[in-house]
Structures are given as structure tokens and as C-alpha cells.
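Residue numbers (our numbering): 44 to 308.
These notes are about the structure you will find just below.
Okay, here's the thing in C-alpha cells:
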């Protein structure tokens, strides 16, 4: 009985009404059943079984046998799951399309700083900024191990689009790991990145500025689990914010020195 209730709950979460979920689960437990039998097994009022079964039939989840009284049976479970999945995906796509039509107010999106406390979302934000870059990317990686494959691909893709990509890494070995075969990518060894200092038990992780605007800075901290490092970040769209103004000035100054150093080497 617990399994049946779990199935009802899951189907309800996937978009079926509670009565639809209960009637469908009841039919999966019966080879076929009349409205009376479904009502008894599903614990759904008999007067509601008929309209519920009609909706399930329209969704392609139930077959109707024209007997007297009528009998019903559920389609195969794999068929039902496929149709529920298609319907669910269709709803997600419809929601996505509707949301994309909405205009995000720039005055809100461009203000303030935001924090990220989960590493997968840190990587996601970095990749988003890289994907949206049009002119220039400046990426500094004192902790090169935090540069996930998605980030490396985002840097390479930006260079292929014609974006000027500047990457700073601590050592020659790191440079080899970051090597991007594109004339728009410049990878420079900055030895000072080997000596980043601990601040309140946290170390610098990654720093990215795109188009002199979007900025994300990450910090690393060892977790209580052996060998596990937590990465947290702050980020800004870079407009009308003191943090962004300062970071832009400092990074542009650094980029000038990096470019000169690369040209002299």
C-alpha cells in the first residue's frame, strides 16, 4: 500500500490531479475494472471516477472497453511514463518560452552583488558570463584545479567567436593544461599567483571579468571532509556598483602589465 501511495504522490507531482493519479494507480493494480471497482480500489467517489477516467483517456493513459458496464484498463507502464514525460516536457518548454518573452528590468538586473555558495552554481555562472562575452575575457586562475572542463570549453568557445581571451595561470605546467589553439587566446604565466595568501582560512580561487563589465570572484575553503574543497563566489553585472568599479580598474591595470609582459617574452 505504501508503494501505491508513493506512486500516487509522484504522479501528482508530475501534473496529474490527485483523482487522476489514484484512478490510474488503481487500474495498474487491476487487469481491468469498472467504475465501481476503480472507486473501491482508488478510494475515489464513484461519481468522480467517470470524468476522471475521461481525462485519463484524453491523455492516452487509459483504454475504454465499450461493454455494459464499461470497463477500463491502464496502458502499459512504459507507454504511460513516456506520455507523461512528453506532457511534462511540453509544459516545461511552454513555461520556458513564456518566461523568455518577459522583459527583465535592467535597473534590477544591473544592480548589486550576489553570492553563490554551491560550487556547481559557481561554475554555471562563470560559463554563463563566458558564453555572453562579446569583446574581451580576463580570467585569472590561481587555483587551476577549480577550472572545470565546462570553463575550459567556455574559454575556448569565446576565443573561437573572436573574443579576446586573456588567461593568467601560476606555472608553465598550468599553461600547458590551459593551452587553447586560437590566435584570440593569450595565456600568460603569472608567478605571483603561486603565492596567494590565506584570508580567514580561505584562499583565492578564480577571478573573471568579461567585457569590462561582468565580474565573478571565488574563494576556496577546505571542508570537514578529507580532500573536499568548497568554492564560494560573489558576482556582479558590473554596472553602477563600487565593487565592480574598483575591480575593473585593478584588473585593467593588471591586464596592461600582463599584455606587456607577454609581448616582451
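Think of the CB as a built atom: it goes at the ideal place given N, C-alpha and C, for glycine as much as any other residue.
Note that this is a predicted model, so its numbers are computed, not measured.
Thinking C-alpha only, which one of the options is nearest residue i?
i           : options            : result
residue 174 : 206, 234, 145, 188 : 206
residue 164 : 191, 182, 127, 129 : 191
residue 236 : 104, 259, 245, 249 : 249
residue 218 : 239, 251, 186      : 186
residue 94  : 285, 60, 161       : 60
residue 286 : 216, 63, 259       : 259
residue 256 : 266, 264, 292, 133 : 292
residue 266 : 162, 216, 238      : 162
residue 254 : 298, 277, 239, 264 : 298
Would residue i be called buried (16 or more neighbouring beta carbons within 10 Å of its own) or exposed?
i           : result
residue 289 : exposed
residue 269 : exposed
residue 78  : buried
residue 125 : exposed
residue 65  : buried
residue 82  : buried
residue 151 : Only weak support is given to the placement of residue 151: the predicted model assigns it a pLDDT of 49, under 50, and the value that follows is read from those uncertain coordinates. Looking at its Cβ environment, which holds fewer than 16 other Cβ atoms inside 10 Å, residue 151 is exposed.
residue 120 : exposed
residue 223 : buried
residue 166 : buried
residue 53  : exposed
residue 110 : exposed
residue 135 : exposed
residue 180 : buried
residue 143 : exposed
Excluding the 5 residues flanking residue i on each side, which residues of the same chain have their C-beta closer than 6 Å to its C-beta?
i           : result
residue 210 : 182, 221, 230
residue 233 : 211
residue 262 : 245, 248, 275
residue 69  : 81, 84, 85
residue 199 : 223
residue 50  : 68
residue 178 : 254
residue 273 : 264, 266
Hey, residue i and residue j are a contact pair by Cβ (cut 8 Å); roughly how many whole angstroms apart?
i           : j           : result
residue 176 : residue 201 : 5 Å
residue 189 : residue 279 : Going by Cβ atoms, the distance from residue 189 to residue 279 rounds to 20 Å, so no, they are not a contact pair.
residue 127 : residue 57  : 6 Å
residue 118 : residue 105 : 7 Å
residue 193 : residue 170 : 5 Å
residue 172 : residue 294 : Not confirmed; about 14 Å, so no contact.
residue 132 : residue 102 : Not really, about 14 Å apart at Cβ, beyond 8 Å.
residue 158 : residue 277 : 6 Å
So is residue i in contact with chain B if we call contact Cβ pairs under 9 Å?
i           : result
residue 170 : Checking the listed chains, one finds no chain B in this structure; it contains a single protein chain.
For residue i, collect the residues of the same chain with a Cβ closer than 8 Å to its Cβ; drop the 5 residues on either side in sequence, then sort them by chain order.
i           : result
residue 203 : 225, 227
residue 197 : 169, 170, 173, 174
residue 72  : 47, 84
residue 67  : 54, 59, 99, 104, 105, 117, 123
residue 215 : 232
residue 76  : 69, 70, 84, 114, 115, 116
So, for residue i: in the same chain, excluding its five sequence neighbours on each side, which residues have a beta-carbon less than 7 Å away from its beta-carbon?
i           : result
residue 271 : none
residue 107 : 100, 113, 115
residue 160 : 275
residue 91  : 62
residue 123 : 104, 117
residue 307 : Any reading at residue 307 is ruled out, since the residue's pLDDT is 48, under 50, leaving its predicted position unreliable.
residue 239 : 185, 246, 247
residue 89  : 78, 79, 82
I'd like the ranges of any beta strand (DSSP E) spanning at least 3 consecutive residues and lying wholly in the stretch 183-269.
Within the stretch 183-269, the complete beta strand (DSSP E) runs of at least 3 residues are 207-212, 228-232, 246-253, 257-265.
Complete alpha helix (DSSP H) runs within the stretch 105-181 (minimum length 4 residues, chain order)
Entirely contained in the stretch 105-181, the alpha helix (DSSP H) runs reaching 4 residues are, in chain order, 120-144, 149-152, 162-175.
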